[in-house]
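Written below as structure tokens is the structure these notes are about.
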Amino acid sequence: MIILIAAVAENNALGKNNDLLWHLPNDFKRFKEITSGHHIIMGRKTFESFPKPLPNRTHVIITRQKEFTYEGCIVVQDLESAIAVCPKSENIFVIGGGEIYAQSIPLADQLDITRVHHAFDADVYFPAVDPEIWELASENFHPKDEKHLYDYSFQTFVRRK
1 MIILIAAVAE NNALGKNNDL LWHLPNDFKR FKEITSGHHI IMGRKTFESF
51 PKPLPNRTHV IITRQKEFTY EGCIVVQDLE SAIAVCPKSE NIFVIGGGEI
101 YAQSIPLADQ LDITRVHHAF DADVYFPAVD PEIWELASEN FHPKDEKHLY
151 DYSFQTFVRR K
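Below, the structure written as structure tokens:
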């Protein structure tokens, strides 16, 4: 199953200047729980936004830079190649950025979204979630608190049959 996982603002904002727009510790914890032990597909810029590779995950990096390599990671030229190197019997997680989400949403089976209930100025956006294609299967609201500056909801969308 191909699953897109992202933290997305009300206006579909994802980030700006290759950085996140908010800090939600519970979102990081959920992301780690869901993706640990799996292949994660991302664009090179998303990968470069991390201080180091994320532990206990197989990184598949998509880049047009033919000379780009990173020890311990799989580097490919396109989304089709990225999916091909992942085990067919396991969940595959697409983790960004905007261009990779746009290319992969037509192939996805599920969307795991942390919806940040705020609008942000951004330079990267998540594609629109079309209700004709995607059904909201579950939603869990969390109010802002001392560690979370914004209200947010964990949402799972499944592709309509």
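Residue numbers (full-length UniProt numbering): 1 to 161. Glycine included, every Cβ here is placed at the ideal spot set by N, Cα and C.
When you compare only the Cα positions, how much space is there between ALA70 and VAL116? Taking the first residue of the sequence shown as position 1, residue 70 is located at position 70. Taking the first residue of the sequence shown as position 1, residue 116 is located at position 116. The sequence shown places Tyr at residue 70, not Ala. Going by the C-alpha atoms only, they are around 32 angstroms apart.
Can you tell me the Cβ-Cβ gap for ALA9 and HIS118, rounded? I've got them flagged as a contact below 8 angstroms. Here residue 9 refers to the residue found at position 9 when the sequence shown is read from its first residue. Here residue 118 refers to the residue found at position 118 when the sequence shown is read from its first residue. That belief holds up - the Cβ atoms of ALA9 and HIS118 are roughly 6 angstroms apart, short of 8 angstroms.
Relative to the C-alpha of GLN65, which residue among LYS144, VAL76 and ALA82 is closest? Here residue 65 is taken as the residue at index 65 of the sequence shown, counted from 1. The residue with the shortest Cα to Cα distance from GLN65 is VAL76.
Sequence-distant residues of its chain with Cβ nearer than 8 angstroms to TYR150 (five each side left out): Walking along the sequence shown from the start, residue 150 turns up at place 150. Taken in chain order, the residues that qualify are TRP22, LEU24, VAL116, HIS117, HIS118 and LYS144.
ILE105 to MET1, Cα distance in whole Å? Position 105 of the sequence shown, counting from 1, holds the residue named residue 105. Position 1 of the sequence shown, counting from 1, holds the residue named residue 1. Looking at the two C-alpha atoms, the distance is approximately 12 angstroms.
For ILE95 and ILE5, believed in contact at Cβ under 8 angstroms, the rounded distance: What you label residue 5 is simply residue 5 of the sequence shown in a count that begins at 1. What you label residue 95 is simply residue 95 of the sequence shown in a count that begins at 1. Contact flag correct, Cβ pair sits at about 6 angstroms.
Host alpha helix (DSSP H) of ILE105 (start-end): Counting from 1 along the sequence shown, the entry for residue 105 is found at position 105. Per DSSP, ILE105 belongs to no alpha helix (DSSP H) and is neither H nor E.
Can the beta-carbon of TYR125 be found closer than 8 angstroms to that of ALA13? As a position in the sequence shown, residue 125 is number 125, starting the count at 1. As a position in the sequence shown, residue 13 is number 13, starting the count at 1. In contact: TYR125 and ALA13 (Cβ atoms closer than 8 angstroms).
Which ranges would you report for the alpha helix (DSSP H) in the UniProt domain "DHFR" (1-159) if only whole runs of at least 4 residues count? 25-35, 44-48, 79-84 and 98-104
Buried or exposed (CB count within 10 angstroms, at least 16 for buried), ALA84: Looking up residue 84 in the sequence shown gives position 84. Exposed, since its Cβ has fewer than 16 Cβ neighbours within 10 Å.
Using beta-carbon positions only, say whether TRP134 and PHE120 come within less than 8 angstroms of one another. Taking the sequence shown and counting its residues from 1, one reaches residue 134 at position 134. Taking the sequence shown and counting its residues from 1, one reaches residue 120 at position 120. Against a cut-off of 8 angstroms, the Cβ pair of PHE120 and TRP134 comes out as no contact.
Rounded distance between the beta-carbons of GLY72 and PRO53, thought under 8 angstroms: Here residue 53 is taken as the residue at index 53 of the sequence shown, counted from 1. Here residue 72 is taken as the residue at index 72 of the sequence shown, counted from 1. With a Cβ gap of about 6 angstroms, PRO53 and GLY72 count as contacting.
Taking all protein chains shown into account, do 16 or more other C-beta atoms lie within 10 angstroms of the C-beta of ALA102, making it buried, or fewer, making it exposed? The residue you call residue 102 lines up with position 102 of the sequence shown. Classification for ALA102: exposed.
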